[in-house]
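Residue numbers (numbering that gives the first Met the number 0): 0 to 272. Think of the CB as a built atom: it goes at the ideal place given N, C-alpha and C, for glycine as much as any other residue.
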Amino acid sequence: MMIAPIYLDATPLTERRLTGIGRMVAQLACRLAQKREIRLFCRSRYIDLVGLTPHSAFHAGLEIVLNPSCVPPSGEDMQQWRERVLALAKQPFDRELASRSTGIYTFLRPGHRVFARELTVHHDFTPVLLPKTHTSGTRSLFTPLCEDNAILDDHCISNSHTTAHDLSWLAGVTPNRIAPLLLGPSLCVEDHLWPTIPDRDESLLVAVSTLEPRKNPQFLLEWFLASKALPECMTLAWAGPAGWNLDQGTLPVSRGKRHIRFLGMIEDIELCR
Numbered sequence: 000m001m002i003a004p005i006y007l008d009a010t011p012l013t014e015r016r017l018t019g020i021g022r023m024v025a026q027l028a029c030r031l032a033q034k035r036e037i038r039l040f041c042r043s044r045y046i047d048l049v050g051l052t053p054h055s056a057f058h059a060g061l062e063i064v065l066n067p068s069c070v071p072p073s074g075e076d077m078q079q080w081r082e083r084v085l086a087l088a089k090q091p092f093d094r095e096l097a098s099r100s101t102g103i104y105t106f107l108r109p110g111h112r113v114f115a116r117e118l119t120v121h122h123d124f125t126p127v128l129l130p131k132t133h134t135s136g137t138r139s140l141f142t143p144l145c146e147d148n149a150i151l152d153d154h155c156i157s158n159s160h161t162t163a164h165d166l167s168w169l170a171g172v173t174p175n176r177i178a179p180l181l182l183g184p185s186l187c188v189e190d191h192l193w194p195t196i197p198d199r200d201e202s203l204l205v206a207v208s209t210l211e212p213r214k215n216p217q218f219l220l221e222w223f224l225a226s227k228a229l230p231e232c233m234t235l236a237w238a239g240p241a242g243w244n245l246d247q248g249t250l251p252v253s254r255g256k257r258h259i260r261f262l263g264m265i266e267d268i269e270l271c272r
């Protein structure tokens with residue numbers, strides 16, 4: 000008898016920029032597929048992807064089979080890994096098989112059941128708790144999650160104890176159905192991408208994050224420029240794209256002998272170097 004595969008929501012892999020959640024999904028898919036067959040599925044319709052991302056060929060209604068024999072090595076650049084996976088053969092989503100399988104949603108979940116057993120990975124509830132830091136479209140996605148959808152899961156995975164607490168009081172999920180798990184790094188998990196030991200620069204700090212209000216970059220930047228715990232001559236390099244509703248021109252860039260450089264999106268191997 001065939002063991003039912005695990006279905007993994009790979010919708011975040013279709014984003015143009017592979018940032019935090021997308022990188023988590025890539026690592027999760029890689030780790031699961033190294034052990035057993037999984038099937039990636041997408042919740043976004045083709046009409047909603049075309050023109051916005053180069054990955055619109057993978058859309059709702061399709062699935063990608065990933066198993067130990069075809070999963071790309073995990074040690075390579077995550078962007079390249081994503082490209083190789085999404086280039087694999089696609090087939091129609093098998094609804095009958097899905098109804099007998101476990102499904103893992105990686106960002107939100109629908110208001111109806113699809114799989115025999117369902118789990119959702121929850122990252123944060125800032126669209127509800129800090130609504131001014133998100134677009135109206137993002138805020139509207141979290142209303143049904145809190146009111147009706149979250150309780151449909153058999154179990155929930157939260158990436159922090161704070162999010163686990165929010166799942167209980169905001170979405171009504173009982174604590175015994177929530178597992179707080181720290182997701183860990185998404186860079187150089189098994190091997191270092193840079194082929195030689197990099198030189199350590201004691202005068203350089205690196206921050207990796209999207210620049211957006213909910214990440215509170217102003218706090219870190221002001222601390223860096225004013226802290227007495229750091230040497231006088233220091234540089235902070237911020238790697239990551241500019242997010243929503245951020246006027247980068249208002250962010251400080253230097254004070255005395257301390258300087259801030261905004262690098263934007265850079266390849267993993269360059270970040271490691």
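*Among Ser157, Ala9, Ile156, which has the Cα closest to the Cα of Gly21?*
Ala9
_For Thr18, which residues in the same chain have their Cβ closer than 8 Å to its Cβ, ignoring the five residues on either side in sequence?_
Thr209, Gly239, Pro240
*What are the start and end residues of the beta strand (DSSP E) that includes Gly102?*
101–104
*On the three-pair Cβ rule with 8 Å, is the segment 128–141 touching the segment 211–218?*
yes
_Selected residue, minimal CA-CA separation from Thr195, among Leu166, Glu269, Asn244, Trp222_ = Glu269
*Starting from the C-beta of Asp93, find all residues in its chain whose C-beta is less than 8 Å away, skip the five residues before and the five after it, and write them out in chain order.*
Arg38, Glu62
*Just the Cα atoms here: how many angstroms apart are Gly263 and Met1?*
46 Å
*Do you know whose CA, among Lys227, Trp243, Ile265, Leu220, lies nearest Pro251's CA?*
Leu220
*asked:* Can you look up Trp222 in the DSSP assignment and give me helix, strand or coil?
replied: helix
*Which residues bound the beta strand (DSSP E) around Val207?*
203–207
*asked:* On the CB-based measure, 16 or more other CB atoms within 10 Å of its CB, does Phe218 come out buried or exposed?
replied: exposed
*From this set, Glu14, Ile5, Arg16, which residue's C-alpha is nearest Leu27's C-alpha?*
Ile5
*Is the beta carbon of His154 sitting closer than 8 Å to the one on Leu118?*
yes
_Residues near Glu82 by beta carbon distance below 7 Å, same chain, minus five either side_ = none
*Asn175: buried (16+ other C-beta within 10 angstroms of its C-beta) or exposed?*
exposed
*How long is the line joining the alpha carbons of Leu204 and Ser159, rounded to whole angstroms?*
25 Å
*Evaluate Asn244 with the Cβ neighbour count: other Cβ atoms within 10 Å of its Cβ, from every protein chain shown; 16 or more gives buried, anything less gives exposed.*
exposed
*Candidates Arg138, Leu151, Ala228, Val113: which alpha carbon is nearest Gly60's?*
Val113
*asked:* Judging by CA-CA distance, which residue of Gln78, Asp76, Ser100, Phe106 is the nearest neighbour of Pro11?
replied: Phe106
*Taking only the alpha-carbon atoms, compute the straight-line gap between Leu229 and Leu181 and give it to the nearest angstrom.*
28 Å
_Backbone CA spacing between Cys145 and Met233 [nearest angstrom]_ = 44 Å
_Suppose contacts are defined by Cβ-Cβ distances below 8 Å. Is Asp147 in contact with Arg108 by that definition?_
no
*Go through the segment 25–78 residue by residue and report every complete run of the alpha helix (DSSP H) that reaches 4 residues or more, in order.*
45–48
*Euclidean distance between Cα positions of Ser55 and Thr137*: 21 Å
*My understanding is that Ala170 touches Ile156, with C-beta atoms under 8 Å, so please give their C-beta distance in whole angstroms.*
Ala170 to Ile156, Cβ: 14 Å. No contact.
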